[in-house]
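Have a look at the structure below, then the notes.
Number of protein chains: 2
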Amino acid sequence: MKVTIAGGVHGNELIGVYIVKKLMRENFWLKDIAIDYLLANPKAIKECRRYIDYDLNRSFSQEALSEDSHIYEYERAKVLKKRLEDTDFLIDLHTTTANMGITIVLSKDDPLSANVAKILAREYENVKILRWFGTEEGNFINSCVKSSITIEVGPVCQGVLDATLYFDTLKVLQRTLDVLRKEEQLQKSVECYDIFDYKDFPRTNGDLDGMIHPELLGRDYELLHPGDPIFLRFDEEEIFYDEVPSYPVFINEAAYYEKGIAFCLAKKSIV
Amino acid sequence: MKVTIAGGVHGNELIGVYIVKKLMRENFWLKDIAIDYLLANPKAIKECRRYIDYDLNRSFSQEALSEDSHIYEYERAKVLKKRLEDTDFLIDLHTTTANMGITIVLSKDDPLSANVAKILAREYENVKILRWFGTEEGNFINSCVKSSITIEVGPVCQGVLDATLYFDTLKVLQRTLDVLRKEEQLQKSVECYDIFDYKDFPRTNGDLDGMIHPELLGRDYELLHPGDPIFLRFDEEEIFYDEVPSYPVFINEAAYYEKGIAFCLAKKSIV
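For the record, the sequence lines run as chains W and L.
So the first sequence is numbered by our numbering: it starts at 1 and just counts up by one.
So the second sequence is numbered by our numbering: it starts at 1001 and just counts up by one.
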């Protein structure tokens, strides 16, 4: 089995970058598993930016992969698709400015990915499973492998390291490799969250008119009810939630301001 | 009296950007005071980056201001120096990823700036005064005005808004204008902190070897003693503080990683 461990798909999410560098340097390896260490967006890592021209983790759609492009990330995606051809399992390391603890994002609906996520969620109290099968912006990097999980940890600012979250991520990554190596199986069902909608900030002519309400900030995975405050305008007017009860995630994620996402809405179900 | 209110000297510090935009939009004005609203680095604001080519807040040294340059911020600094020629007082709005509450940074040793800072620090419990008279990297924007304060709030990530800190900043800004308009004076002395040294992360060949120790993270303005842990290496080895007792500030500020600053050391004194 070949596993690829990717850091720096987003160049300013430092925990993944430094975990991959550490494991490369230590020449960490495992019996029965071939590991490929990948610093996915080296130019963005060097500049400590999310991306240079376009979000690399939205650059794997058929269109992006087929056209000749002036976009650095589209060209890089073509190189990575080739490199990932014989990868059986991708572990992609990310961080978020939202208070999401350790979230295993599943973007593929396959048994191996789901099995690994379930084992992690049952073993660690602060690990949650979030299913997100793609966006209109373009496909994620894991669209070109058979199986994968994304380990998304937060809250941590872009461009900084947080030692506690660094070692939490490392622990979950090592357990993932362990599960893959031993081919462990879990038959039991586990709770998971499915993203089904997005909420944008209040805006005028595209520019922000307000912020996440202080009562919502940091409350990822806490049930949001109609009537709960969600935004506070710059003029101090409050805006209230008026849809079906749902679980907000990625609340105030820095990189999603430009995508028109103040937070995502998820439903809870059983996987 | 002419007061300039600047936001976006760093384009990804959104609180200042959106306060300046709000006041411009409302056409906020005061009797007896002419106000100039300044979005200082429009290109960086548009791209939501700290800067394009070089830190604008280090681009006001004589050298930078005199040479023809390919650096966008050096050119912008020349324009701003001209614009600030008749400014009596500059209020410069910043944020930090460090847990610094509301810090009034004084970078000029003049009575008016010190008086305003003292009044703010005595009135608000969470306002501290920090004196920082420059760096070897180049002069701050307030080097070209007679008097100024920098309002530095945190912790907040780059590229995001925090409603509580937004309104805290606005409150302190409005009180500053009030003090200037009424020419209030405070004869009493007030505590302040003076930056006297910097500590860099552990590194090998320039690249990080470790992180801020979890026991230090978030403890800005708390006295650091010899023997206290300050860094945690990627291999889990702890590094301890071995200098004179001092107050750490700007702990884990994202923008200072590239400057070789993990945190600054300050002494407490009376202003």
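A virtual CB, placed ideally from N, CA and C, is assigned to each residue, including glycine.
On a predicted model such as this, the values are computed, not experimentally measured, just so you know.
The beta carbon of GLU1243/L is closer than 7 Å to those of PRO1226 in its chain, skipping five residues each way along the sequence. Chain W has a Cβ within less than 8 Å of the Cβ of PHE1234/L. In the DSSP assignment, LEU84/W forms no beta bridge with any residue. For GLU1238/L, the enclosing beta strand (DSSP E) begins and ends at 1238-1240. Here LEU216/W is buried. Its C-beta has 16 or more other C-beta atoms within 10 Å.
In the DSSP assignment, LEU173/W falls within the unbroken alpha helix (DSSP H) covering 163-182. As DSSP reads the structure, GLY1210/L sits in a beta bridge with ARG1233/L.
Look at ASN1252/L: its C-beta is under 8 Å from a C-beta on chain W. Assigned with DSSP and collapsed to three states, TYR257/W falls in coil, not helix or strand. For GLN187/W, not one C-beta of chain L is nearer than 8 Å to its own C-beta. Straight through space, the alpha carbons of LYS1199/L and TYR1247/L are spaced by roughly 12 Å.
If you check the CB distance, TYR1054/L and TYR1037/L do not come in under 8 Å.
Excluding the 5 residues flanking it on each side, ASP86/W has same chain C-beta neighbours closer than 7 Å at LYS2, in chain order.
Within the segment 198-214 of chain W, those residues whose Cβ lies closer than 7 Å to any Cβ of chain L are, in chain order, LEU208, MET211, ILE212, HIS213 and PRO214. Contacts with chain L (Cβ-Cβ distance below 7 Å) from the segment 51-77 of chain W involve no residue at all. If you draw a 10 Å sphere on the C-beta of LEU265/W, you find 16 or more other C-beta atoms in it, and that means buried. A distance below 6 Å between beta-carbons, with the five flanking residues on each side excluded, links VAL1105/L to the following residues of its chain, in chain order: LEU1130, TRP1132, THR1150 and GLU1152. Between ARG49/W and chain L, the shortest Cβ-Cβ separation is below 8 Å. Residues of chain L whose Cβ lies closer than 8 Å to the Cβ of GLY16/W do not exist; the shortest such Cβ separation is about 13 Å. Apart from sequence neighbours up to five positions away, the residues of its chain that approach LEU1224/L with a beta-carbon distance below 6 Å are TYR1241, SER1246 and PRO1248, ordered along the chain. In this structure GLU125/W is exposed. Its beta-carbon is surrounded by fewer than 16 other beta-carbon atoms within 10 angstroms.
Here VAL160/W is buried, its C-beta having at least 16 other C-beta atoms within 10 Å.
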